[in-house]
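Take the sequence shown: its position 24, counted from the start at 1, is 24 in UniProt numbering, and no numbers get skipped. Ideal placement from N, C-alpha and C gives every residue a C-beta, glycine not left out. If you're wondering where the values come from, they're calculated on a predicted model, not measured in any experiment.
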Amino acid sequence: TWNMDSILKTAERTTHTLQLFLTLVAVIALVVGGIGVMNIMLVSVTERTREIGIRMAVGARASDVLQQFLIEAVLVCLVGGALGVTLSLMIAFILQLFLPGWEIGFSPLALLTAFLCSTLTGVLFGWLPARNAARLDPVDALARE
Numbered sequence: 001t002w003n004m005d006s007i008l009k010t011a012e013r014t015t016h017t018l019q020l021f022l023t024l025v026a027v028i029a030l031v032v033g034g035i036g037v038m039n040i041m042l043v044s045v046t047e048r049t050r051e052i053g054i055r056m057a058v059g060a061r062a063s064d065v066l067q068q069f070l071i072e073a074v075l076v077c078l079v080g081g082a083l084g085v086t087l088s089l090m091i092a093f094i095l096q097l098f099l100p101g102w103e104i105g106f107s108p109l110a111l112l113t114a115f116l117c118s119t120l121t122g123v124l125f126g127w128l129p130a131r132n133a134a135r136l137d138p139v140d141a142l143a144r145e
């Protein structure tokens with residue numbers, strides 16, 4: 001026979017397993033998104049090599065170029081995070097229209113965490129392209145076409 005303790009323990013294990021699975025899916029999505037951002041930024045550095053060379057030739061420091069590309073990567077990720085949060089809020093609102101008994105809420109901590117993850121993704125995956133841009137030799141960059 002089943003008693004309430006065993007049913008409760010089974011429900012807790014199932015909930016814990018589901019949380020781990022969803023966390024794994026979220027981490028995989030962040031890594032895939034981060035790789036996409038890194039590719040976009042690498043293409044951006046390649047296409048703007050001449051511009052980077054001109055900036056460095058007229059006095060921009062490597063740290064200025066690094067900062068510029070890191071900010072761009074973070075902004076791309078923050079826009080993606082904002083779109084994701086907006087989409088999830090819209091879906092929750094639509095679900096509440098069709099399922100009036102369900103109350104769906106968002107915690108401010110979850111929203112803050114989403115934007116912090118977006119920022120961290122931008123910094124981590126934007127670092128390599130930004131570093132590549134900052135290490136360009138101005139003479140070589142200007143010679144490329």
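Limits of the alpha helix (DSSP H) - the one that residue i falls within
i	result
Trp127	Pro108 to Ala134
Gly84	Ala62 to Phe98
Ile28	Met4 to Glu47
Rounded C-alpha distance that separates residue i from residue j
i	j	result
Asn132	Arg144	15 Å
Ser63	Gly101	54 Å
Gly33	Ile104	26 Å
Val79	Leu124	16 Å
Leu111	Ala26	14 Å
Arg61	Arg55	8 Å
Val43	Val65	15 Å
Leu20	Arg13	11 Å
residue 152	Ser6	With the chain covering 1 to 145 only, the question about residue 152 has no answer from this structure.
Thr113	Thr23	13 Å
Leu18	Leu87	22 Å
Option in the options with minimal Cα separation from residue i
i	options	result
Gln67	Ala92, Phe106 and Ala134	Ala134
Met41	Thr17, Asp137, Cys77 and Leu20	Cys77
Val139	Ile52, Val85 and Val45	Ile52
Gly122	Thr14, Val31 and Leu18	Val31
Phe106	Leu20, Phe93 and Met4	Phe93
Val85	Cys117, Val37, Thr23 and Leu22	Cys117
Phe115	Leu8, Val45, Gly59 and Ala82	Ala82
Val108	Leu97, Leu89 and Leu95	Checking the sequence shown, residue 108 turns out to be Pro, not Val. Nearest C-alpha to Pro108: Leu89.
Neighbourhood of residue i by C-beta, 6 Å cutoff - its chain only, sequence neighbours within 5 removed
i	result
Leu70	Gly126 and Ala130
Thr49	Ala141 and Arg144
Thr119	Val74
His16	none
Distance between beta carbons of residue j and residue i, contact taken as under 8 Å
i	j	result
Met38	Leu136	Not a contact, Cβ separation roughly 17 Å.
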